[in-house]
Each structure stands twice: as C-alpha cells, then as structure tokens.
Amino acid sequence: MLIQPIDYFLLVWFVLAGASTLYVAIDQYRNNPEPVVMKWGFILVTLYTGPLGLLLYVLADKEPHPGTHEEFIKPLSKQGIGSTIHCVAGDATRIIAAAVITAVLGLPMWVDLIVEYLAGFAVGLFVFQALFMKSMMGGSYLDNVRRSFVPEFISMNFMMAAMAPTMTLLMMGRDMRAMDPTQLLFWGVMSLGIIAGYILAYPSNVWMVARSLKHGLMTERKPGTKFAAEAPKSGTNKPADPHAGHDMASMKSSNDAGSKPAGAHDMKAMAGRKMAKTQKLAGPTATGDAAGHAGPMKTDATKPQIVALGMVSVVALAAGMIAPANFVNMRLSSRDVGDSIMPPGMIMDRTTPADAMRDMAAANPNDVRASYGLNVRGDRPLAFRLENGVKVFDLTPSVIRWTILPGVTVDGYGYNGQIPGPRIRIHEGDRVRIDVHNRLPEITTIHWHGLILPNQMDGPAYVTQAPIQPGGSYSYAFTAVQHGTYFYHPHAKPDRTQALGLYGALIIDPADPTIEVRADHEYVVQLQEWLLREGLTFPSMPMEGGFPNYFTINGKAYPATETIAMKVGETLKVRFIGTNNGGVHPMHIHG
11 MLIQPIDYFL LVWFVLAGAS TLYVAIDQYR NNPEPVVMKW GFILVTLYTG
61 PLGLLLYVLA DKEPHPGTHE EFIKPLSKQG IGSTIHCVAG DATRIIAAAV
111 ITAVLGLPMW VDLIVEYLAG FAVGLFVFQA LFMKSMMGGS YLDNVRRSFV
161 PEFISMNFMM AAMAPTMTLL MMGRDMRAMD PTQLLFWGVM SLGIIAGYIL
211 AYPSNVWMVA RSLKHGLMTE RKPGTKFAAE APKSGTNKPA DPHAGHDMAS
261 MKSSNDAGSK PAGAHDMKAM AGRKMAKTQK LAGPTATGDA AGHAGPMKTD
311 ATKPQIVALG MVSVVALAAG MIAPANFVNM RLSSRDVGDS IMPPGMIMDR
361 TTPADAMRDM AAANPNDVRA SYGLNVRGDR PLAFRLENGV KVFDLTPSVI
411 RWTILPGVTV DGYGYNGQIP GPRIRIHEGD RVRIDVHNRL PEITTIHWHG
461 LILPNQMDGP AYVTQAPIQP GGSYSYAFTA VQHGTYFYHP HAKPDRTQAL
511 GLYGALIIDP ADPTIEVRAD HEYVVQLQEW LLREGLTFPS MPMEGGFPNY
561 FTINGKAYPA TETIAMKVGE TLKVRFIGTN NGGVHPMHIH G
C-alpha cells in the first residue's frame, strides 16, 4: 500500500483527519449549542477534509465563549459556510458510498459519476435537507421536500461540477490505485474532490442564504441543558444583523426561556406585529404556526434570479461531468485497470484500452518475494533430476528485487530468483520435462524460442494452451530434436513480462560432439533494457514514456558486468541471445 511518497503524505493526512474529527465531535457535543444535524454536518465534513474542516469549524461555528454563539455566527460569510457544510455533508456521504459500491461492482467511470450524482442528490434532499427543515419549520415531509428541491439541486450541481473532473482525472491519471477503495490514494482523491466541491458550491450557498432560500448556522439551547443556562440575557443583544443565525429554541417555541435568536425581538411580540420585524437567519424568514414551529421560509429572490442560477449550475455540472471524457477513457472501471501505475510520459487518451495500461504498468513492490544483492548472478546452470529417463527441470517465476548496480535495484520478474533465468543445458535427443510453478501476480506461459516441438508445448496463451494462472502449474514435455543456442520466455503478455526479466538461455548440445565448435571458453550474452523511474520499475518499450534508462548484460549494468578472463592463444565462443525488447544493440569485442 505504501509505494509512493504520496502514500506517506496521505497516511499522515488521514491521521490528522481522524484527530481533527475526534476533536470536532467531542467539542460539538460538549461545548457548542447547535442543532444535531449541524453537529453531524461539521463532523462528517471534517472527516472528509481533515484539518481544513477543523479550520472551518473553529473559524465559523465554534462558540468562542459561553453564550456568544448567536453573535459569533451572524456574519453572512459564516452563514454561507454553515449552509455549504450542510450540503456537502449529506451529498458527499452518499457520493463516497456510491463510488465504493460502483468500484466493487466493476462499473465504468461514466456510470459511476451518474450514480454518484443521483445518490448524493437523493440523500442531500430527502435526508439532510427535508428532514431537518421539517423539524425546524414544521409542515409535512413532502412540503419540505418541495421547498428544499431547488436549493439542493443548485448546491449539488455546483458541488458535483467540481468533484467529477477532480475525481475522474486523478483516478484515471497515471496511478490507477486511485480507483481502488482499498488504497489510501482512493480516499485521498475523494477528499480532494470534496474540497473542490465545497469551494465551488460555497458562493451559491452564500447567495441562497442571503436570499432566504437556504438556512445557515443555527443555535439551539434546549431547556434544562447547560446551553440554555448560558443563553444571552434578554435585551442584551445588539440590533439584529440581517444575516444573523436562527436560534432553534426560539424558532420552535416562543415560550422557551433564554432561547431568543441573537438580536431578535420576543416571539410573542413579533407575532402580534405579524412578524413585521422578524430577522433573517442567513436569509430565512419564518412565519410561525400554532405548533410552535417557525414556519416556512420566505425568499426575496426573484424567479429570474433563481432560474438563472439554476441554469448556470446545470451548465457547470454538464461541463464537469463531460469534460473528462475528452482526456481519459471513461468506459474503464477499477476492475479493468487494477492497481496499475503508468510510467511518466506515457500518452493516454480517451481510447487507451485497459490491456495497454496493464502491460505498461510498474511491477508492484508489494509483490516482491525476495531481494538479491550485487554478488548474486543470473544465468546459473539449472540442475535436473531423472525420472524414468526423462530430465526434469523446475522453473518458478516470481517477483524479485534484483540489484543491477551498487545502490540500484529493479523490481523484476525472475525465474528461480535470478535475472536472467537459470541456464537450461541439454543434449540433442534428450527427453525433457519442465515443471513451471507460477508465483507471479499475473498469468504466464513459457515459449521455447525456435524449437520444433508438439503444438501444445509451444506456449502461446489462449492459442496452444490455457495460461498458467497465479498459483498454478503446468508441465512442458518434449524431445529435443535440434541443437544450438535458444532461449525461453513467456508468451502470455510477452512484451511486459520479458521486459521485466522473464527470459533465460536454452543450450542444446549436438548428439554428435564432433560437429560442435570447439573453444577454450564459452560466454553467453543476454541483453536487457530497464526503465526505472520514481522508485518503480516499468517494462521498457520503444514508445513514448517507455524508453529505457538502464541497460544490462546478463542482469548487471556496467561496471558491475562480468569480466571474461583469457590467456593469449585461447579461443572464445560467444553465444549471443537477443532477449531485449526494443533496441538494436550491435556488439563488438574490442581488439
């Protein structure tokens, strides 16, 4: 899970988010005279946005001294914060849940965005807005759904207009772990998306609060609680601010002692004057009822203003939902791409298929099973055992950390813990069996390059055999009818897996030793290109973003390569095998 520097940052970030959320939760219930729904609004937003949510709480909502909450939350800027918090808490909760569910189900990104929008809007409207407005203003649930529809629609549109491109472009960028709910990066992207959504939704919420389309922050001092005892004394408040916050107790019952809104007149007197001087809480004007509820809010916003704002929100939403489709393939899902990390510079667009992404993805450091130092060499002879006259070899591909230079390691795929894989040496006419045990995180096969053998032993996945699944095994059995220098490598995802180290020499000595070219020394040369960037190993390819930055001979880069020691007059046989993926490397023995 902790692969990139961003992972460590996110780990610290979420620790801070947890601590911030704990503080806000405790302080809200112990020290802040606020309705329960707003308490939970700040708690949830702090959970999603970490220290930024904590900052909003202490700057806009946390009562600085007992009995001062009403006065503290009066400014319209703070009322706008409260309104946006209320919107984001409900919408983001369901958006996150929808994102997790769609990822688990393997739904494509374009479906994910639609589901997130519908889910966020539904929860925000039917739960956070309608239920709370019913408890505050009275009336039927359906009436409050109807009253809340337009403000919630506008808020949700602006919020999703920022969240959609933020999440899509980051989730489907280079690091596809951002699409996986089990990864820290997923939650980091969700957090950043919520922050972006909050920022874009805030201006419209300020306007709607000012125009009495939405409520802002409120004070609730229930009789018998310490908050009621701390209420400001009657007549001590300053004149009403046009954007001051509601006092919930006074809105619900004009008879509750010490529960008047900051700067408001006595509710009975206000009722006697037909609410002529009722203040606005972040805009809302109440028209009380016999049950003691504040009554429905009255807005001074004109229909053209509301329609214009709604149209702008729809355009913003459409742009935010559609624009990412110009840059990324929104038909892909988290199941399609897995936890792939793309190499820097790789060009990806709206047509890039998932298979191409997986082929170019870095080897996952978390899959490394063993590490080997500079002194460990590849191409070591592979021992065999005889079973009824058959030479039996074992090959086990796995993910290893391989040292190519002092202080330089690659995360590669190696046969039997080495790169190149062990050298298999047999004689013409030998009957052989190679048992392959797949310890890779992906499918594999083995192709015996250049050999004439039974079709089912040739190795192309889905052509002559089913691929060997992770944890599976397969046996290749044939009789060597040729002699010469060959090599073995996969024919399941061959470009990717060979570029990561799956290759090895196969030498077949002639049945007639007299035709063998004699030499005092024999040396096998196997080339490879490596792409090591940002601490990750990517399969090197002759394409944009895939060009190598390290070259190895038999698994080591100069000056860690082997030295051929000879004496004057001795002969050298070089078996040259082009196991590299992309470049052309003419070789010359100097002298």
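So the sequence shown is residues 11 to 601, counted in our numbering.
Don't be surprised by glycine CBs; every beta carbon is placed ideally from N, CA and C.
Quick check on residue 290: buried or exposed, where buried means 16 or more other Cβ atoms within 10 Å of its Cβ? With a pLDDT of 36 at residue 290, under the threshold of 50, the modelled position of this residue cannot be trusted, and the question is left open.
Contacts around residue 416, its chain only, beta-carbon distance under 8 Å, and the 5 residues preceding and following it disregarded: 384, 570
Would residue 532 pass as a contact of residue 592 if the rule is Cβ separation under 7 Å? no
Pick helix, strand or coil for residue 106, following the three-state DSSP scheme. helix
Assigned secondary structure, residue 44 (DSSP; H/G/I helix, E/B strand, else coil): coil
Would you call the CB atoms of residue 60 and residue 120 closer than 7 Å? no
Contact check, residue 582 vs residue 515 under 8 Å by CB: the rounded distance? Wrong, their Cβ atoms sit about 16 Å apart, outside the cutoff.
Compute the Euclidean distance between the alpha carbons of residue 2 and residue 107, then round it to the nearest angstrom. Here the chain has residues from 11 to 601 only, and residue 2 is not among them.
Whole angstroms are fine: how far does the CA of residue 159 sit from the CA of residue 203? 23 Å
Measure the CB-CB distance between residue 501 and residue 470 and report whether it falls below 7 Å. yes
Tell me whether residue 428 sits in a helix, a strand or coil according to DSSP, three-state version. strand
Residue 34 burial status per 10 Å Cβ neighbour count (16 or more: buried): buried
Quick one: Cα of residue 213 to Cα of residue 65, how far? 18 Å
What is the rounded straight-line gap between the Cα of residue 576 and the Cα of residue 585? 16 Å
Restricting to Cα atoms, I'd like to know which of 421, 67, 536, 195 is closest to residue 433. 536
Backbone secondary structure at residue 126 - three-state DSSP: helix
Nearest neighbour of residue 55, chosen from 220, 209, 318 [CA to CA]: 209
With DSSP run on the structure shown, which of helix, strand or coil describes residue 53? helix
Closest to residue 114 by CA distance: which of 179, 190, 46 is it? 190
Mark residue 599 as exposed unless 16 or more other C-beta atoms lie within 10 angstroms of its C-beta, in which case mark it buried. exposed
Would you call the CB atoms of residue 510 and residue 568 closer than 7 Å? no
Going by the beta-carbon positions, is the gap between residue 171 and residue 380 smaller than 7 Å? no
Where does residue 358 fall in DSSP's three states? coil
Quick one: what does DSSP say residue 340 is sitting in, helix, strand or coil? coil
Should residue 43 be labelled buried (16 or more other beta-carbon atoms within 10 Å of its own) or exposed? buried
Contact belief for residue 104 with residue 133 at Cβ below 8 Å, rounded distance in angstroms: 4 Å
Continuous beta strand (DSSP E) stretch holding residue 411: start and end: 407-415
Segment contact, 8 Å Cβ cut-off, at least three pairs: the stretch 547-563 with the stretch 393-400: no
Sequence-distant residues of its chain with Cβ nearer than 8 Å to residue 300 (five each side left out): Residue placement at residue 300 is poorly supported in this model, since its pLDDT is 37, which falls under 50; the coordinates are not used for a value here.
Who are the Cβ neighbours of residue 62 in its own chain at under 7 Å, not counting the five residues just before and after it? 205
With a floor of 4 residues, list each alpha helix (DSSP H) that falls wholly inside the stretch 486-518, ordered by position along the chain. 504-509
On the CB-based measure, 16 or more other CB atoms within 10 Å of its CB, does residue 236 come out buried or exposed? exposed
Report the residue from 166, 139, 164 whose alpha carbon sits nearest the alpha carbon of residue 153. 139
Based on the DSSP secondary-structure assignment, which residues constitute the bridge partners of residue 421? 411
In angstroms with no decimal places, state the Cα-to-Cα distance between residue 350 and residue 194. 14 Å
Using the beta-carbon count (16 or more within 10 Å), is residue 328 buried or exposed? exposed
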